[in-house]
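Numbering (UniProt numbering), first residue to last: 1 to 161. Note that beta-carbon positions come from the ideal geometry of N, C-alpha and C, so glycine has one too. Here's the structure we're looking at; comments come further down.
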């Protein structure tokens with residue numbers, strides 16, 4: 001089966017890859033190792049999201065919905081941990097040490113989100129539908145819980161800056 005990829009998807013993919021690699025390179029040169037590692041972590045998470053999104057768009061345009069949904073799930077490895085990676089970065093940026101007893105509770109929501117997304121076909125708690133009736137996603141109840149929690153995390157982290 002031959003399908004053509006729209007040019008904007010190719011440019012999106014190339015642009016995001018170049019920017020992500022540049023930011024990883026810049027952070028790798030930082031003298032403060034905690035900030036360097038945190039910056040690389042955030043950049044890698046964003047790069048994974050961008051790559052997964054570009055691949056999802058490629059398969060959506062080819063009408064291969066099952067492959068597109070697989071890439072949607074893959075990009076959620078990044079989406080689920082983006083607020084956690086931002087938390088790590090902000091703490092490193094302002095010079096705060098992260099206590100080990102706080103890391104595991106902050107990772108519980110992203111891990112639950114990943115588990116619910118990858119097992120969504122059994123319970124539909126995360127998504128009720130994907131590319132149905134002209135809609136990209138039809139959110140389930142956990143989607144909204146995760147959304148509120150992530151927005152709260154990001155506001156707290158931004159306030160710390």
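Residue j beta carbon less than 7 Å from that of residue i
i, j, result
"residue 20", "residue 55", "no"
"residue 110", "residue 84", "yes"
"residue 76", "residue 117", "yes"
"residue 45", "residue 81", "yes"
"residue 168", "residue 18", "Because the chain here runs from 1 to 161, residue 168 falls outside it and cannot be looked at."
"residue 78", "residue 49", "yes"
"residue 43", "residue 60", "no"
"residue 136", "residue 69", "no"
Sequence-distant residues of the same chain with beta carbon closer than 7 Å to residue i, five excluded per side
i, result
"residue 140", "124, 125, 126, 127 and 128"
"residue 150", "83"
"residue 6", "61"
"residue 27", "36, 39, 40 and 43"
Distance, residue j Cα to residue i Cα
i, j, result
"residue 144", "residue 8", "30 Å"
"residue 22", "residue 41", "13 Å"
"residue 57", "residue 120", "21 Å"
"residue 101", "residue 107", "11 Å"
"residue 86", "residue 13", "22 Å"
"residue 99", "residue 62", "46 Å"
"residue 138", "residue 29", "42 Å"
"residue 154", "residue 105", "16 Å"
"residue 147", "residue 72", "17 Å"
"residue 91", "residue 157", "8 Å"
"residue 16", "residue 97", "30 Å"
"residue 142", "residue 122", "14 Å"
"residue 112", "residue 10", "33 Å"
"residue 152", "residue 31", "31 Å"
Beta-carbon contacts of residue i that lie in its chain and below 8 Å, excluding the five residues immediately before and after
i, result
"residue 65", "59, 130 and 131"
"residue 67", "59"
Close-in-space but distant-in-sequence residues of the same chain around residue i (CB under 6 Å, 5 per side omitted)
i, result
"residue 114", "80"
"residue 33", "none"
Mind pulling the alpha helix (DSSP H) runs of 4 or more residues that sit fully within the UniProt domain "Histidine kinase N-terminal 7TM region" (18-149)?
33-61, 65-79, 82-94, 100-118 and 120-123
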